[in-house]
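Numbering (the working numbering), first residue to last: 18 to 116. Taking it in order: structure first as structure tokens, then the write-up.
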Amino acid sequence: MTLTDIAWTDVNVPDIQPDFSAPFFQGLQVIASYILAAAMLVVLIMLILAGAALAFRGLASDRTRTWAGENILWIFIAAAVLGAASGLFQWFINFDFGF
18 MTLTDIAWTD VNVPDIQPDF SAPFFQGLQV IASYILAAAM LVVLIMLILA GAALAFRGLA
78 SDRTRTWAGE NILWIFIAAA VLGAASGLFQ WFINFDFGF
């Protein structure tokens, strides 16, 4: 018997459907969403405080205004990076703040 004598219908291969779900993935998604939400809130508060310190002269001390002027660009960059990460997270995994 040669390889050409064997008919392909002689082999019965069951239909295999892999299961990619794991019980800990849901927990990891919730933890990641908590971390992203907390980081976004912190950056938002920093952005509001820095903007208010720069906009209103009597609201903050000179040291705070100096800090805000030096770091407001970095705060904008952090907000953009966190927004992009949150958007990707929402697109891939369905963003959940956990509330």
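From the three backbone atoms N, C-alpha and C, an ideal C-beta is built for every residue, glycine too.
Exercise for the section: Tell me, to the nearest whole angstrom, how far the beta carbon of Leu66 is from that of Gly86; I am working on the premise that it is less than 8 angstroms. Expected result: Contact annotation, Leu66 with Gly86: C-beta distance approximately 13 angstroms; criterion of less than 8 angstroms not satisfied.
Practice task
Give the DSSP-derived three-state secondary structure of Ala77 in the structure shown.
Solution key: Reduced to three states, the DSSP call for Ala77 is coil.
Problem - Own chain partners of Met63 with C-beta closer than 7 angstroms, once the 5 adjacent residues on each side are dropped - result: Sequence-distant partners of Met63 (beyond 5 residues in either direction) whose C-beta falls short of 7 angstroms from its own C-beta, in its chain, are Ile92.
Problem - Inter-residue CB distance, Leu53 and Ser103 (contact presumed, cutoff 8 angstroms) - result: Going by Cβ atoms, the distance from Leu53 to Ser103 rounds to 5 angstroms, so yes, they are a contact pair.
Exercise for the section: Using beta-carbon positions only, say whether Val60 and Ala101 come within less than 8 angstroms of one another. Expected result: It is not a contact, given that the beta carbons lie outside the stated cut-off.
Practice task
Below 7 angstroms CB to CB, which residues in the same chain sit around Arg74 once its five sequence neighbours on both sides are set aside?
Solution key: Excluding positions up to five away in sequence, the list is empty.
Handout entry: Option in Phe106, Ser50, Ala56 and Asn88 with minimal Cα separation from Gly68
Key = With distances taken between Cα atoms, Gly68 lies closest to Asn88.
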